[in-house]
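Engineer: Same order as they appear, the protein sequences are chains A and B. In terms of my numbering, the first sequence opens at residue 8 and continues consecutively. In terms of my numbering, the second sequence opens at residue 8 and continues consecutively. Here it is, the structure in full.
2 protein chains.
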Amino acid sequence: MPMPTRSIFLTQYVCGEPLTEEHFEIRECPLPRLQQDEVLLETLALSVDPYMRGCMTGLSTFYVKQFDLASPVYSMGVARVIESRLPGFSPGDLVLGAIDWSERSVLSAAQIADRPVGGFALRQVDGTRPVTQYLGVLGTTGITAYFGIVGTARPQRGETMVMSGAAGGVGTLAGQMAKLLGARVIGLAGSAHKREVLVDQLKFDAALDYRSSSLTDELQALAPTGPDIYFDNVGGRVSQTVMWLMRKPARVIDCGQISTYDDPDGGWKIDIRPIHNNALRLESFTPAHFAEFYPAARAQLTHWVDNGKLVGLESKYLGFESTPKAMVGMLSGANVGKAVVAVVD
Amino acid sequence: MPMPTRSIFLTQYVCGEPLTEEHFEIRECPLPRLQQDEVLLETLALSVDPYMRGCMTGLSTFYVKQFDLASPVYSMGVARVIESRLPGFSPGDLVLGAIDWSERSVLSAAQIADRPVGGFALRQVDGTRPVTQYLGVLGTTGITAYFGIVGTARPQRGETMVMSGAAGGVGTLAGQMAKLLGARVIGLAGSAHKREVLVDQLKFDAALDYRSSSLTDELQALAPTGPDIYFDNVGGRVSQTVMWLMRKPARVIDCGQISTYDDPDGGWKIDIRPIHNNALRLESFTPAHFAEFYPAARAQLTHWVDNGKLVGLESKYLGFESTPKAMVGMLSGANVGKAVVAVVD
């Protein structure tokens, strides 16, 4: 017996201008009858992540899959299995994977295999912790921060790391991890509240306003010989400012370039003159390049969280309808920590 | 007794359009009377180098000094001392350093110290070899290739290196050095003649036309698992093509971005999406970052040249008046090897 559900669609590709809530639409759709090798899911929580902006531009130049305007948007999410004709999944199971932006959805084995979100297909998770943790500190965000810091930046004890987007989902975690490895961490963030959280709650060594006209002086005062590492989530002008100040040689870790994603060409352009003149090394990564270390990374993250070494801050949006707002807020820097949607509280 | 000389001036800053010979002017100027701590020089040979384009844009955003439109252009050059009131220099000495684009010039100790070309002040060279070698294979070009390959790219035996601008001054030398270190070298060059020189004379493993519509296929055929190193002298679209094909992870060495220097913002912008998605490492350098190794580099280069291991190809322009043509030709890829001007043959 088909039942209706609500789903969120992207109504058009958006390139060269900011994404807004008006670019999404909630539609009521009938759920298809469950077939062999399919599961019926009830969505509990959804993630909104920066890479998703690149799936909404309509540009095929980047190696990310564009969302199909005729299907619901999807992202990492946690769902409960309501009914299953897919071997290995039973009603009541909690599952993590690429979940439709739908209150309920039917996923086939083929769809599951076809959605390369987070580097794995749908998998079971246990119900002993808040489900949003699987989207944040124990999910792709934590994994990204982990491979960015432990696998790529590799801070040495006493090195100074400057990080843009420090109050974001990856930033809050990456900064704490760099501290765990012994680095001094200077976070860049756009509001006094964010900077307070970074220093007071997360114990960053300092937090600066990236919009400050005296940013250069402030950075030089904190790192007189120049930062050893710049961990970049943001790109654009702030990156130029930091890169001109760095030690020679030093390293820049490109984790994301979120400030550029609304550019007409989809962003990701950088001016490499400071890299050239300061003999910097720019290293980039995606979690997929460390896929063989996922289990180890998850074990380490779980250990840190359970021992109070790593705090997974969340900005939680409540209710299914808030998903577009969460996405837009995440892109515009409205949140502290990982933006997640609690579809069912 | 003041005597006249001819000098070449840049008549205007040129940004966002190609530099042409019309942007230069030869003027007859009186030579000032020699003062204490000055030398009178007769120019024998002048170098034209890609970095000089950045000194002609009028943009202060790059950390290179803009040429003063009221003074002659200057570049690396070789001159003979005609008269000297500067301790340490005697008539007849051959000197290498930042030399005015003038047939004769007076240089003061202060001017010599103020011109950071090639990382050293005026110094004597011996007269046992063609003077243009000090501008090419034994000069800044050779030094740049050496620090780019030996100090930065560090190819391992058996690795595959793709190089843009392979037939240029740095490219011809960097490719030979990578071969000396055991790498396979695939050069990119724009004419059949250039590619023939690279393969037949310089023993590159292959040379491809960067304009070819099948460049991707050709590179994949030659390097099925992707290049390990991309040594980039050119930037722009060809770099994007190569970087999407590279091993994951692999390294990109930014030596220059000559194809972008006529851009309205002075160039040096790159699209880092292939760097992000392929987890590449972009490393950059200038010879100044290796200043303490200059003597060692010169000794190694001399050894290679004298033992026939390294061929310093030159495109020689004859006569003082040909200097602007040499500069423009160098920027537009008209030459094979190092472009030099033999002012006095």
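Heads up, the beta-carbon is just placed ideally off N, CA and C, and yes, glycines get one too. Predicted model, so just to flag it, every value in this text is computed and none were measured.
How big is the Cα-Cα spacing for A:L188 and A:Q163?
Structural biologist: 7 Å
Engineer: Can you check whether the C-beta of A:E290 is within less than 9 Å of a C-beta belonging to chain B?
Structural biologist: Closer than 9 Å to some Cβ of chain B, the Cβ of A:E290 qualifies, so yes.
Engineer: Taking all protein chains shown into account, decide if B:T147 is buried (16 or more other Cβ within 10 angstroms of its Cβ) or exposed.
Structural biologist: buried
Engineer: If distances are taken between C-alpha atoms only, which option among A:L53, A:F292 and A:L226 comes closest to A:K332?
Structural biologist: A:L53
Engineer: For B:D133, which of B:G99, B:I106 and B:Y153 has the nearest alpha-carbon?
Structural biologist: Minimum Cα distance to B:D133 is reached at B:G99.
Engineer: Please name the residue, chosen from B:P231, B:E166, B:R218 and B:T232, that lies closest to B:G243 on a Cα-to-Cα basis.
Structural biologist: B:R218
Engineer: What separation, rounded to the nearest whole angstrom, lies between the Cα atoms of A:T151 and B:S266?
Structural biologist: 34 Å
Engineer: Report yes or no: do the region 59 to 69 of chain B and the region 94 to 108 of chain B share at least 3 C-beta pairs separated by less than 8 Å?
Structural biologist: Verdict: no, contact absent.
Engineer: Taking the C-alpha atoms as reference points, what is the distance between B:V241 and B:A306?
Structural biologist: 28 Å
Engineer: Based on the DSSP output, what are the partners of B:R202 in its beta bridges?
Structural biologist: Its beta-bridge partners do not exist; DSSP assigns none.
Engineer: Of all the options A:L129, A:E110 and A:E28, which has the alpha carbon lying nearest to the alpha carbon of A:T12?
Structural biologist: Among A:L129, A:E110 and A:E28, the Cα nearest to that of A:T12 is on A:E110.
Engineer: Straight-line CA distance for A:M83 to A:A128?
Structural biologist: 11 Å
Engineer: So which residues on chain B does A:Y70 lean against when the C-beta distance must stay under 7 Å?
Structural biologist: N284
Engineer: Does A:K276 come within less than 9 Å of chain B when only Cβ atoms are used?
Structural biologist: yes
Engineer: Three-state secondary structure (DSSP) at A:S67?
Structural biologist: coil
Engineer: Please list, in chain order, the chain B residues whose beta carbon lies closer than 9 Å to that of A:R244.
Structural biologist: Neighbours of A:R244 on chain B: none; closest Cβ ~12 Å, over 9 Å.
Engineer: Classify A:C36 as helix, strand or coil using the three-state DSSP reduction.
Structural biologist: strand
Engineer: Give the DSSP bridge partners of B:F49, in chain order.
Structural biologist: Note on identity: in this sequence residue 49 of chain B is Glu, with Phe being the wrong assignment. Bridge partners of B:E49: B:R87 and B:R111.
Engineer: Beta-carbon of A:R161 versus every beta-carbon of chain B: anything under 9 Å?
Structural biologist: no
Engineer: Between which residues of its own chain and B:R2 is the CB-CB distance below 8 Å, once the five residues before and five after are set aside?
Structural biologist: Since the first residue shown for chain B is 8 and the last is 352, residue 2 of chain B is missing from the structure and cannot be characterised.
Engineer: Can you confirm whether A:P37, when its beta carbon is compared against all beta carbons of chain B, has any partner nearer than 9 Å?
Structural biologist: At least 9 Å separates the CB of A:P37 from every CB of chain B.
Engineer: At least one CB of chain A closer than 9 Å to the CB of B:R254: is that the case?
Structural biologist: no
Engineer: I need the boundaries of the alpha helix (DSSP H) containing A:L226, first residue and last residue.
Structural biologist: L222 to L229
Engineer: Since B:H283 and A:D261 are thought to touch, with beta carbons under 8 Å apart, how far apart are those beta carbons, to the nearest angstrom?
Structural biologist: The beta carbons of B:H283 and A:D261 sit about 6 Å from each other, so the pair counts as a contact at 8 Å.
Engineer: Leaving aside the five residues before and after B:I119 along the sequence, list all residues of the same chain whose C-beta is less than 6 Å from its C-beta, in chain order.
Structural biologist: A128 and L129
Engineer: Could you spell out where the alpha helix (DSSP H) holding B:D313 opens and where it closes?
Structural biologist: Y301 to D313
Engineer: Would you say A:W251 faces chain B, with C-beta separation under 9 Å as the test?
Structural biologist: Interface residue, yes.
Engineer: List the residues of chain B that A:T293 touches, going by C-beta distances under 7 Å, in chain order.
Structural biologist: H283, N284 and A286
Engineer: Taking only the alpha-carbon atoms, compute the straight-line gap between A:G344 and A:E321 and give it to the nearest angstrom.
Structural biologist: Rounded to the nearest angstrom, the gap between the Cα atoms of A:G344 and A:E321 is 5 Å.
Engineer: Give the secondary structure of A:Y217 by DSSP, where H, G and I count as helix, E and B as strand, and everything else as coil.
Structural biologist: coil
Engineer: Please compile the residues from chain A whose C-beta is within a distance smaller than 9 Å of the C-beta of B:H310.
Structural biologist: Going along chain A, no residue has its Cβ under 9 Å from B:H310, so there is no contact; the nearest lies around 26 Å.
Engineer: Could you tell me whether the region 312 to 321 of chain B touches the region 287 to 303 of chain A, using the rule of 3 or more Cβ pairs below 8 Å?
Structural biologist: no
Engineer: Thinking C-beta only, is A:T330 closer than 9 Å to A:I15?
Structural biologist: Closer than 9 Å, so yes.
Engineer: Tell me, please, whether the CB atom of B:D235 is closer than 9 Å to any CB atom in chain A?
Structural biologist: no
Engineer: Need the endpoints of the beta strand (DSSP E) that A:I15 sits in, please.
Structural biologist: P11 to L17
Engineer: Should A:R60 be flagged as near chain B, meaning a C-beta pair shorter than 9 Å?
Structural biologist: no
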